[in-house]
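Inspection log for the structure reproduced underneath, given as structure tokens.
Residue numbers (full-length UniProt numbering): 1 to 387.
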């Protein structure tokens with residue numbers, strides 16, 4: 001039986017499909033956000049299930065869980081966390097600072113002296129630490145929405161996922177993949193428990209936190225991340241079968257065509273996490289290890305993070321400058337500029353920082369590589385040795 005792991009091994013551990021998927025998902029985020037930016041209409045997942053609103057970011061998190069599990073297995077925890085921090089924070093910090101000191105002064109309605117002395121301007125820098133602030137004083141005040149960068153909402157959840165990965169490393173769960181699947185099942189199950197209202201309305205701080213983690217839209221991110229981890233750990237048991245890939249695609253797209261909320265009495269996210277998310281992550285992983293065609297321009301770097309970071313603020317600036325109220329026109333006008341900023345971010349910030357990452361953690365990675373390559377009891381050939 002051909003498996004995800006065997007396909008990955010046959011390609012020398014390289015998965016070009018993931019390179020294309022990252023770009024496609026990042027551009028999809030730009031397209032999806034166009035509706036919110038042009039019409040102040042952020043599509044929610046209630047009533048009719050819309051594929052983009054639920055699936056795009058979930059696929060990103062599942063992809064992330066799959067891709068970083070290998071490094072979590074072969075590196076010491078401190079090196080793994082250093083790698084993650086250097087990958088995420090520098091580019092994020094540059095975007096936040098540029099928004100506050102360049103974008104803000106250009107698009108604020110306030111006198112520059114007022115803008116520069118407003119505490120909100122400096123609070124915005126807390127986004128670098130994952131404390132999300134959406135607005136700057138007077139900026140985009142006449143746009144349909146004044147949110148400077150709506151993409152930032154996922155940053156705290158990404159930090160939580162790295163915390164989950166750290167917990168998996170410290171507790172040995174990465175050597176016990178069944179427990180990782182169990183953790184995903186627990187998150188889904190708690191969503192049904194809290195979402196059913198059996199425990200009352202979420203009025204206390206603890207109940208509101210539980211609602212955010214297990215019932216609200218963020219729950220899909222944690223389940224997707226855990227399923228991505230499990231997919232990597234089970235990659236030598238996970239079939240790479242065109243029939244199953246087609247079935248998974250059919251389930252995902254059927255979810256976009258039917259009102260799945262009509263068949264469940266609980267909030268929609270726990271139900272979708274159970275019914276749709278496993279198929280979505282399986283589809284994402286299988287496409288990722290497939291040798292998909294990647295345009296030559298995109299082979300020069302990983303521009304997906306830059307597209308994700310700069311998409312919303314550039315779209316907002318375009319709405320402020322050009323009287324475009326058509327989502328398609330706005331996206332087509334914005335994309336070239338977004339990709340340009342993403343390329344600059346990669347070549348001037350992200351790629352050089354990756355060089356520092358290798359410099360800091362190469363010794364540990366090299367020392368543990370041979371050990372990680374040897375199958376252990378928990379990573380026997382049946383489950384897949386750690387690459």
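Idealized CB from N, CA, C, for every residue including glycine.
Helix, strand or coil at residue i [DSSP, three-state]
i: residue 20; result: helix
i: residue 322; result: coil
i: residue 3; result: strand
i: residue 295; result: coil
i: residue 144; result: coil
i: residue 132; result: coil
i: residue 12; result: coil
i: residue 290; result: coil
i: residue 182; result: helix
i: residue 79; result: helix
i: residue 388; result: Residue 388 is absent from the model: the chain starts at 1 and stops at 387.
Beta carbon of residue i nearer than 7 Å to that of residue j
i: residue 224; j: residue 281; result: yes
i: residue 13; j: residue 236; result: no
i: residue 132; j: residue 315; result: no
i: residue 169; j: residue 272; result: no
i: residue 289; j: residue 72; result: no
i: residue 121; j: residue 100; result: yes
i: residue 276; j: residue 255; result: yes
i: residue 107; j: residue 147; result: no
i: residue 17; j: residue 287; result: yes
i: residue 188; j: residue 69; result: no
i: residue 348; j: residue 95; result: no
i: residue 334; j: residue 143; result: no
i: residue 248; j: residue 303; result: no
i: residue 234; j: residue 295; result: no
i: residue 183; j: residue 226; result: yes
Exposure of residue i, with buried meaning 16 or more beta-carbon neighbours within 10 Å
i: residue 372; result: Residue confidence is low: residue 372 scores 42 on pLDDT, short of 50, so the model does not pin down where it sits. No coordinate-derived value is stated.
i: residue 284; result: buried
i: residue 257; result: exposed
i: residue 312; result: buried
i: residue 119; result: exposed
i: residue 102; result: exposed
i: residue 330; result: buried
i: residue 165; result: buried
i: residue 322; result: exposed
i: residue 278; result: buried
i: residue 55; result: buried
i: residue 61; result: buried
i: residue 453; result: No answer is possible for residue 453: it lies beyond the span of the chain, which begins at 1 and ends at 387.
i: residue 352; result: exposed
i: residue 127; result: buried
i: residue 293; result: exposed
Strand pairing of residue i, partner residues [DSSP]
i: residue 139; result: 108
i: residue 336; result: DSSP, once it has assigned bridges, lists no residue as partnering residue 336.
i: residue 239; result: 3
Residue of the options minimising C-alpha distance to residue i
i: residue 89; options: 29, 156, 74; result: 156
i: residue 130; options: 338, 152, 174, 179; result: 152
i: residue 317; options: 20, 350, 29, 34; result: 34
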